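> Quick one: the structure is below, and I'll ask about it shortly.
Residue numbers (my numbering), protein chains in the order written: chain A, 12 to 457; chain B, 2 to 321.
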């Protein structure tokens, strides 16, 4: 079994309390960073580690930190994006619920590296019970001198605030999150200016995912190079993957990047295969916004090599035959699942969550949802399939924020790989209503 | 000063000018259309996506093309940037797509809409839209609501450009006028249908690019192309007093601010010539206005047929 850097102690009883967490080596990174390292050295370690943003885009965290503008006399902020609402992704929830102090430790170390004096955790409104857990943990950290004035006698002050959102998916987009944190309607801002220059309250701001911030703890403890030794190529370290769907053992796993997808789905240490002895039909490897992969492209790439759990390997072949690691929401479908219904379900989510600010996303997502509803319920035509493709092309890349792309990709990929099933829904609507299409009949070399 | 090329026209503009404003400085048909951007209102732009252009070369320093189409209203021009608008096939198809999206939920009630004839969406639909719709579903519908006793809000027609929200943000910091709900269900509304208590709230009607916000004192009185616009002024102590009065014979049907060819309120003597509610709603008596002369209108489709620009008599022949 692979090494666990983040959730190793998650099952320890009472780990949510300060004492138990400290006994298991907690807050060592804060001591190390504040007592022996300069902020620049911490940033340097994170750069060396090759850590890539765990929220979905996979942008190198160290590089993001070095882009932060540092004008004299202007406050800087670190904001933790805990607005995890992607369908299929629930890793941050697990991390915060089980190990609240790990996030707080990461926040302190990262804020120190960035020179932030006031940092925020923006948490999804539905996670109200986790908000309570975090607030309790923050109070403990204050009581033990890990937060507040002059932390550990280093002269560094930090205040940490946790704020709940209203439960909007769009507030996971960093500029919408900032707007919401400022008390406004959560509409994404136009970029530029980027948050690194002008973010929260107009100050330079870094927004990072929960898992990225938690990963700073082992990076500082063990050094960036040791972290970079795990994983392969540009995908370094470990990653939390939340698996759901028709698996024998779904749940949250911490994997070393570079694990093969086959091992991950069928391995005894991981998901142990498809439930009820069924066959794999399709897989969404990174949360609902990434393209869906048909069974013949899940474990092998189009070139015939093994597909690995890395940013590069999952994206191998581009959108024609690849997907993305995304936020690690691994959804598996067995042979009984209906792709059209699933695509409609995703489209419904994006139509509901579009902020309604820019026209292609506002009107396009709603339109796609209605067309897919029609197809799924037996009222579709063959033109509808090409209409969906056209709407897709007009949304993709034309919106302010990536929500438009996220809405367009899964639909485009589903039509690309499962066109037969869409056509079957049009041609035999009554059959489609009563039974599912089953495994798609495509030769393995397709 | 920086040099930027838009559709083979080279323009020299000040540093920090957006692509759209650079194009407007050159004028002509290289100017991308804009439904939400309003140069006089801070915070507008970027939403409607009709002004998307292709950047074929980023700048002299970094001549790589930009992968996505960019919103010209909010992207600053760089030295040596090459922009394609009319000459780019990609821009034209995607703009057509945006227009199609805008029309998805827009009702076809131009025959009874007061904005018809000076509607930006009409122009845009004429230039980029297709004659048939591919949208088979039901359109979203709202009931019209009164924002105060002078403004009528037809949410069905709204394209959510946020211009009126920007006006409201200028008038008051109480956030009484804004957007409710999300996505397709988003609607402009005011706090429990209250009107903004401000003498300049009527300017929302002027900035609205479609017929979503209309003047209650003018609703259903006449079509705009039957009226003759005159530049007029009155010695108003609240506003600039410089407006356009729309007359039928000797009767004033409505009063609007003076708008330029992009539908924006003109700048007169370094000030944006917004007009106050008194001038807009209550001064319908010609004796209160000093008529300067006929208003020259260009660009807009129906009223700009050249009829009014050439005729200079006081008794225009009107077609009923």
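We treat Cβ as the ideally placed atom computed from N, Cα and C, and that holds for glycine.
It should be emphasised that the depicted structure is a prediction, and the values quoted were computed from it without experimental measurement.
Would you kindly work out how many angstroms separate the C-alpha atoms of residue 220/A and residue 338/A, rounded to a whole number?
Counting only the Cα atoms, residue 338/A lies some 10 Å from residue 220/A.
> Pull up the DSSP beta-bridge partners for residue 133/A, would you.
92/A, 174/A
> Of the choices 47/B, 141/B, 29/B, 87/B, whose alpha-carbon is the least far from that of residue 19/B?
47/B
> Using a Cβ-Cβ distance cut-off of 8 Å, determine whether residue 187/B contacts chain A.
True, the Cβ-Cβ gap to chain A drops below 8 Å.
> Is there a C-beta anywhere in chain A that falls below 8 Å from the one on residue 47/B?
yes
> Quick one: measure Cβ to Cβ for residue 212/B and residue 155/B, integer angstroms, because I've assumed they're closer than 8 Å.
The beta-carbon separation of residue 212/B and residue 155/B, rounded to 6 Å, stays under the 8 Å limit for a contact.
> Is there contact here, the region 132-148 of chain B with the region 101-117 of chain B, by at least three beta-carbon pairs under 8 Å?
yes
> Could you tell me which residues DSSP puts in a beta bridge with residue 266/A?
Answer by DSSP bridge pairing, in chain order: 250/A.
> Which residues does DSSP pair with residue 268/B in a beta bridge?
For residue 268/B, the beta-bridge partners assigned by DSSP are 273/B.
> Between the C-alpha atoms of residue 396/A and residue 352/A, what's the straight-line distance to the nearest angstrom?
14 Å
> Do the CB positions of residue 101/B and residue 131/B come within less than 8 Å of each other?
Going by C-beta atoms, residue 101/B is nearer than 8 Å to residue 131/B.
> May I have a chain-ordered list of the alpha helix (DSSP H) segments no shorter than 4 residues that lie completely inside the region 195-227 of chain B?
204-208
> Taking residue 111/A as the reference, give the member of 84/A, 147/A, 92/A with the closest Cα.
147/A is the residue among 84/A, 147/A, 92/A whose C-alpha sits nearest the C-alpha of residue 111/A.
> For a quick check, are the C-beta atoms of residue 178/A and residue 137/A less than 8 Å apart?
Going by beta carbons, residue 178/A and residue 137/A fall inside the 8 Å limit.
> Taking 8 Å as the CB-CB cut-off, is residue 398/A touching chain B?
True, the Cβ-Cβ gap to chain B drops below 8 Å.
> For residue 24/A and residue 75/B, I'd like the C-alpha separation in whole angstroms.
Between the C-alpha atoms of residue 24/A and residue 75/B there is a straight-line separation of about 53 Å.
> Taking the Cβ atom as the reference point for each residue, do residue 198/A and residue 207/A lie within a distance shorter than 8 Å?
Against a cut-off of 8 Å, the Cβ pair of residue 207/A and residue 198/A comes out as no contact.
> How about residue 76/A: is its C-beta nearer than 8 Å to some C-beta of chain B?
no
> Note down, in chain order, all residues in the region 73-96 of chain B with a beta-carbon under 7 Å from any beta-carbon belonging to chain A.
75, 95
> Below 8 Å, how does it come out for the region 153-162 of chain A and the region 36-51 of chain A: are there three or more Cβ pairs, yes or no?
Contact holds: three or more Cβ-Cβ distances are below 8 Å.
> Name, please, each residue of chain B whose Cβ falls closer than 8 Å to the Cβ of residue 371/A.
Neighbours of residue 371/A on chain B, chain order: 50, 98, 99, 102.
> Taking beta-carbon pairs under 7 Å, can you tell me which members of the region 375-387 of chain A lie near chain B?
375, 376, 377, 378, 381
> Checking the sheet assignment: what are the DSSP bridge partners for residue 341/A?
Its beta-bridge partners are 254/A.
> Got a sec: which bits of the region 131-161 of chain B sit with their beta carbon under 9 Å from any beta carbon on chain A, in order along the chain?
Taking 9 Å as the Cβ-Cβ cut-off against chain A, the residues of the region 131-161 of chain B that qualify are 135, 136, 137, 138, 139, 141, 160, 161.
> Measuring only between beta-carbons, confirm whether residue 225/B sits less than 8 Å from chain A.
no
> When the Cα atoms are used, what is the spatial distance from residue 72/B to residue 317/A?
41 Å
> In the DSSP assignment, find the beta strand (DSSP E) that holds residue 97/A and state where it starts and stops.
Unbroken run through residue 97/A: none, as it is neither H nor E.
> Who does residue 145/B pair with in a DSSP beta bridge?
For residue 145/B, which the question treats as bridged, DSSP gives no partner whatsoever.
> What residues are listed by DSSP as bridge partners for residue 319/A?
According to DSSP, which records beta bridges pairwise, residue 319/A is partnered with 271/A.
> What beta strand (DSSP E) runs, 3 residues minimum, are completely inside the region 197-228 of chain A?
Within the region 197-228 of chain A, complete beta strand (DSSP E) segments of at least 3 residues are found at 216-220, given in chain order.
> Put residue 131/B into one of helix, strand or coil per three-state DSSP.
coil
> Taking a Cβ distance cut-off of 9 Å, strictly less, list which residues of the region 293-315 of chain A are near chain B, in chain order.
none
> Looking at chain A, is there any beta carbon in it that lies within less than 8 Å of the beta carbon of residue 10/B?
no
> From residue 218/B to residue 443/A, what distance separates their C-alpha atoms?
56 Å
> Quick check for students: name the residue ranges of the alpha helix (DSSP H) that lie wholly in the region 74-137 of chain B, counting only runs of 4 or more.
90-105, 121-129
> Can you give me the start and stop residues for the alpha helix (DSSP H) that residue 190/B sits inside?
Looking at the DSSP string, residue 190/B is not in any alpha helix (DSSP H); the run it does join, the beta strand (DSSP E), is 188-191.
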